[in-house]
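Engineer: Questions regarding the structure given below will be posed in turn.
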Ligand SMILES: [Mg+2]
């Protein structure tokens, strides 16, 4: 059975990974998920083919690091949110592994997405942005009251 869902392309750093420590290398992922990220991924995968695509994706090492990181955090999330009613014979670590490796797509090139979520992008609405606004751009987690 091959059911095609629209592709939801998700950036990794600053969207799924909180990225508080900034860039530390393609295979180095130091921080926690953005709150709600695991629940969002689980819900989004019902409706979309969820593809995680990042500047890390160009390297096998980067994809492996993102997968290992998400597996660890998704396992903890499933353990934390499991109720006695949904305890199954399959351990949360195994369910998380299947989710990360079989449900989520990890393209190494930008996929033909229906929609993309990125912390460093604007939605183009036909109006060209001002250079000054682009130069001053800050992602959501770098905005500080000044
Ligand atoms: Mg980003």
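In the working numbering, the protein residues as written are -1 to 144.
Every residue, glycine too, gets a C-beta built ideally from N, C-alpha and C.
Would you mind working out which of 17, 47 and 12 sits nearest residue 3, comparing C-alpha positions?
Structural biologist: What you label residue 3 is simply residue 5 of the chain shown in a count that begins at 1. For the residues 17, 47 and 12, the minimum Cα distance to residue 3 belongs to 47.
Engineer: When we look at the beta-carbon of residue 144 and count the other beta-carbons within 10 Å, is it buried (16 or more) or exposed?
Structural biologist: For this step, residue 144 is matched to residue 146 along the chain shown. Unreliable placement is indicated for residue 144, whose pLDDT of 49 sits below 50; the coordinate value is still reported in the next sentence. Exposed.
Engineer: Alpha helix (DSSP H) containing residue 76: first to last residue?
Structural biologist: If you number the chain shown from 1, residue 76 lands on position 78. Where residue 76 is concerned, the enclosing alpha helix (DSSP H) stretches over 58 to 79.
Engineer: Would you please state the rounded distance, in angstroms, between the beta carbons of residue 152 and residue 103? I believe it to be under 8 Å.
Structural biologist: Outside the displayed range of the chain (-1 to 144) lies residue 152, so it cannot be described from this structure.
Engineer: Please specify which runs of the alpha helix (DSSP H), each continuous and at least 4 residues long, are wholly inside the region 20 to 64, giving them in chain order.
Structural biologist: 35 to 45, all fully within the region 20 to 64.
Engineer: Sort 39, 22 and 24 by Cα distance to residue 13 and report the nearest one.
Structural biologist: The count along the chain shown starts at 1 and reaches residue 13 at position 15. The shortest C-alpha separation from residue 13 is found at 39.
Engineer: What first and last residue would you give for the beta strand (DSSP E) that runs through residue 120?
Structural biologist: By one-based count along the chain shown, residue 120 stands at place 122. No beta strand (DSSP E) holds residue 120; DSSP gives it neither H nor E.
Engineer: What residues match up with residue 6 in a beta bridge as DSSP calls it?
Structural biologist: Here residue 6 is taken as the residue at index 8 of the chain shown, counted from 1. Bridge partners of residue 6: 48 and 113.
Engineer: Which residues does DSSP list as the beta-bridge partners of residue 11?
Structural biologist: Numbered from its first residue, the chain shown carries residue 11 at position 13. Its beta-bridge partners are 15.
Engineer: Output yes or no for whether 8 Å exceeds the beta carbon distance between residue 55 and residue 61.
Structural biologist: Taking the first residue of the chain shown as 1, we reach residue 55 at position 57. Taking the first residue of the chain shown as 1, we reach residue 61 at position 63. Yes, they are a contact pair.
Engineer: Based on the DSSP secondary-structure assignment, which residues constitute the bridge partners of residue 150?
Structural biologist: With the chain running from -1 to 144 in the structure shown, residue 150 is simply not present.
Engineer: Whose C-beta lies closer than 7 Å to the C-beta of residue 10 among residues of the same chain, with five residues either side of it excluded?
Structural biologist: Counted from its first residue, the chain shown places residue 10 at position 12. Result list for residue 10: 50, 52, 54 and 64, in chain order.
Engineer: Given a cut-off of 8 Å on the beta-carbon distance, is the pair residue 67 and residue 115 in contact?
Structural biologist: Here residue 67 refers to the residue found at position 69 of the chain shown. Here residue 115 refers to the residue found at position 117 of the chain shown. Going by C-beta atoms, residue 67 is not nearer than 8 Å to residue 115.
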